[in-house]
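Protein chains in written order, with my numbering: chain A, 1 to 982; chain B, 983 to 1184. Take a look at the structure below.
Listed below in structure tokens is the structure:
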């Protein structure tokens, strides 16, 4: 074999090797499905919100994958903490619910961004992805509630079905069905309601939230669905008429609407369907059905009104002895009532009367219902003066764990308050039998729990959060006895569902019970404490800035009250109307002490919605851990010259300046290290040190592309040296923030300040609109959206003179965003100077006071508060004071008059003005009554005019030696009547 | 009616007012009119600067050989004399001697004057008829010892004066000034200016 041949063979072998290597390593794409969408579940329907977990707790990550066909596709999870799953595959469907469990570890507040990567190849290259945000919170009840809701909703999502051949809609539109036994309306309604009050509305974005489509299709099923044949519609109109002289037809269309369903329990199912529609929050939305036969499809509001009319029509309404006409409902319309069915009428009609629905429930319906409650109430347990306990029976006087709270929610429907004796006795029975005797909380009766939660949430005049008899918080418990929230959350955290009347109804009701508001999204109560733990009698800061709202479009700005209960006794000790940081100190006679502090936030809805959050504050001996404080979120652009400085200098040690008692050689405790992690999870804090990370314009080397970056700061103290006998190492704390990096545009914004405003201008780059951000904190932090415009300029008020304010402008075009560099604006307060107006020039006579008038002086901001006059021309404004002043001079002459005014609101500003006063000797002035008739009028003026341009001392009024028009004018001013009339 | 050719030069050249004084002047700096036709000049006040004019008494000089005074009309800035708001005290030029007395007294209150008057406005319009060819001047008699303009309080206002109006009386079209005409005009202008300067110094 020649060298040449050897080379050829070598070349062929090389090519062969490459081909083999390619075949081995190349992604397999043959017959792979095209990935259309990857949508991870956003917490509360908001892609910016974090799902909750706690340290080391395995939580479920949940996403939905849509593919173009049923062939194979591949996926893997990147957990965002440095780990990822193996590659797995999917096939056989075009829509997949993809879930996994993962345990995150870290300190409270540690954020993680997990990602689901899906691709048409088995190495998941060039994947389509979506993010799943997770944050580690305290391992407490609030975290457990969040995880329980998260799990329960995912279970419901996976349980919806649209594949049965028995499912149809009248117009062929898409639907989603949840079912129990032969019932398809109320399970669907309760599942939909559970989604809706957790921020997943049909009005949401289905490309960001997989639950949106489920809710929309579920509502459509309620309005337009039928099972098996169209005789079994979920809703159907019913002709109604006057009952015993009472008109149930509030809207006068002659019809009501009942839940027909396949199994017929209209009084039971109706309330749940009404609640699902009401929780949509859109009264004017189109149901797609013409129930009332007027030729046009009905709005949600019209449907709910007709369902109310149906309940009014179908109420039992016969007189019964001395009880009067009894109301209430049962399986069939007009049947003798039972207190199981009755509650659903109440829970459907109560929210229908509130804004924005404002629907009509005839008063007689409530009156008859109240008669029924009198009839079916039972009382017992005589204490010598009264029966302490009470309850409600099934079809007459009696008692039951579900029937009693059912009767209580009817009490609220009928307008009775918590002072009603029936309520007092019933609540007392629940308080006394919560975890003993009957042991209500451990009945594991979700039906009873739901009835009870409805009764407490809908109590009048305000929801009941603690029992009056023993101050027990029925929802949260007291740390010793379990509350209802923990009871339910434990089940859902462990199993994701509760099978009671089937897993759909049981799980839906459980999720609804866990929310503080039944028919709408609730506000979110949240606060941070620092330092915690701390010393006795030492100020602790409580910052509610992490509070917010679950409803799309609402945020912390919609919260109108922040009420604090320092010892969790149900009495709110202080409140603010803004999310201000408040301080409180706790005594502790015998360390350690733990104080459960509760925050209640109230929103601006009508009716107002509230939410609470409890966090324990620990008062203990040192050493205490340091407090990491990382400001932010940060905002920066790639504009040339833009810079970024990350600031952890507010971190501190609560033991600062102290050390172990009796240890003369121990140094004081203090923060000794600030360690930064600029690359997110896994959090190793090795990217820099020092209280401030001044990245300058080099930040682009750390954050190379536009996006949101999680950053962390860990501070460490010197406990080991300061408290050597504590047995503790140096203690640490972490804080986290986000750096939002944008592509640069509009890099040079110009600012022209005026008095209390600033005019901003920038290049018009043809964006859809521009958003102006404002900060008073710095060039990178504290920015809030303050204005939106389609112009390339904006005048902004709320501009504080003399204070540096920072602005950035974001250009928004479709989904694209870019950002300007920050511009710092400091305007001199003098731009708001007042204007001194001394009026004048003045004329006067020697020794006769002249009234100086500075009242025309004006202030640009606030009001003019002082007027000071300089009458002796010495430059000192100390000769007279007030908006008007009297001044006189002793000799003839022209005198300068100076006025200085001061205006004030938050600034004290001055201005000066000047004029003259001409003083003459008036002693020789003549009387203008030259004809001596006792009046100065045109006759006198004519006499003077006739002598014009002559020498006549008698008519020379100003004594200048001649008679001229000046003399005439002086006398005109002395005429007794206008125009010198006679 | 013969066509009137009026050329208005609205630029006052080289004048600078004294601080605090009001300016009495004419709206026109020069006019070219045809022999036998009527024309008018406007007596103006300006630079009022927060002051008001409550009364005035001003004499206007003109050449009676080249034009005749046919009457004057007051504006309403001091009040409407026909409505009893002001008194027209003008004597006019009853003898046709070339000196027109224009005078007015306001009967309004000072705040009414302030509301009615701006920084500058017209006091009166003087009407003339062109009698003969030539060039002559219409100007304020700044030497008149009775000349006065006062404010709303009846106190004299310090006065400054604008240039007189040059009136060129022509026949047919407006002619190119001949050297003799230019000399006559220049001589007249110099004399007028000299008189004013002398009186101001005095």
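For each residue, glycine too, the CB sits at the ideal point set by N, CA and C.
Burial is judged here by how many other beta carbons sit within 10 angstroms of a residue's own beta carbon; residue 1079 of chain B has fewer than 16 and is exposed. Under the DSSP assignment, residue 217 of chain A falls in the alpha helix (DSSP H) whose first and last residues are 210–224.
Spatial neighbours of residue 446 of chain A in its own chain (CB-CB distance under 7 Å, excluding positions within 5 residues in sequence) are listed in chain order as 498, 500, 506, 509 and 510. Contacts with chain B at 8 Å (Cβ-Cβ) do not include residue 817 of chain A.
Residues of the region 1032–1062 of chain B whose Cβ lies closer than 7 Å to any Cβ of chain A, in chain order: 1036, 1037, 1038 and 1039. Bridge partners of residue 676 of chain A according to DSSP: A/688 and A/713. Residue contact check for residue 843 of chain A against chain B: a CB pair falls below 8 Å.
Taking a cut-off of 8 Å for Cβ pairs, the region 1047–1059 of chain B and the region 1105–1113 of chain B touch, as three or more such pairs fall below it.
If you ignore the 5 residues before and after residue 966 of chain A, its C-beta comes within less than 7 Å of the C-beta of 958, all in its own chain and listed in chain order.
Residue contact check for residue 926 of chain A against chain B: no CB pair falls below 8 Å.
Contact between residue 810 of chain A and residue 771 of chain A is confirmed by a C-beta separation of about 4 Å, below the 8 Å threshold. Contact with chain A is absent for residue 1004 of chain B, since none of that chain's Cβ atoms lies less than 8 Å from the residue's Cβ. DSSP, read as helix, strand or coil, puts residue 506 of chain A in helix. Each of A/927, A/130, A/48 and A/111 was checked against the Cα of residue 710 of chain A, and the nearest Cα belongs to A/111. Using a Cβ-Cβ cut-off of 8 Å, residue 1066 of chain B counts as an interface residue toward chain A, since at least one Cβ of chain A sits closer than that to its own. For residue 1085 of chain B, the residues of chain A that pass the 7 Å Cβ criterion are 965, in the order they occur in the chain.
The residues 1043 and 1146, in chain order, have a CB closer than 6 Å to that of residue 1121 of chain B in the same chain once the five nearest residues on each side in sequence are set aside. Minimum Cα-Cα distance from residue 678 of chain A among the listed residues A/539, A/639 and A/739 corresponds to A/739.
Near chain B, meaning a CB-to-CB distance below 9 Å, the residues of the region 946–973 of chain A are 948, 949, 957, 958, 960, 962, 964, 965, 966, 967, 968, 969, 970, 971, 972 and 973.
Chain B places no beta carbon closer than 8 Å to that of residue 922 of chain A, leaving this residue out of the contacts. Against residue 979 of chain A, the close residues of chain B are 1066, 1067 and 1089, in the order they occur along the chain (beta-carbon pairs closer than 7 Å).
Per the DSSP secondary-structure output, residue 34 of chain A pairs with nothing in a beta bridge. Residue 80 of chain A and residue 71 of chain A have their C-alpha atoms roughly 29 Å apart. When the beta-carbon positions are compared, residue 867 of chain A and residue 883 of chain A come within less than 8 Å of each other. With the criterion set as a beta carbon lying under 7 Å from some beta carbon of chain A, the members of the region 1121–1140 of chain B are 1128, 1130, 1132, 1135, 1136, 1137 and 1138, in sequence order. A distance below 6 Å between beta-carbons, with the five flanking residues on each side excluded, links residue 719 of chain A to the following residues of its chain, in chain order: 623, 728, 730 and 731. Looking at the DSSP output, residue 88 of chain A shares a beta bridge with A/75. At a C-beta separation below 9 Å, residue 1071 of chain B has these neighbours in chain A: 945, 948, 965 and 968. Residue 218 of chain A sits close to residue 192 of chain A, with the two beta carbons spaced by under 8 Å.
Under DSSP, residue 1026 of chain B forms a beta bridge with B/1007 and B/1104. DSSP places residue 920 of chain A in the strand class (E or B) of the three-state scheme.
Inter-residue distance for residue 131 of chain A and residue 49 of chain A is about 11 Å (C-alpha atoms, whole angstroms). Below 8 Å, too few C-beta pairs join the region 523–535 of chain A and the region 465–476 of chain A to call them touching: fewer than three. DSSP places residue 552 of chain A in the coil class of the three-state scheme, outside both helix and strand.
For residue 362 of chain A, same chain residues with a beta-carbon under 8 Å away, outside a window of 5 residues either side, are 246, 247, 248, 250 and 312 in chain order. In the DSSP assignment, the residues bridged to residue 389 of chain A are A/380.
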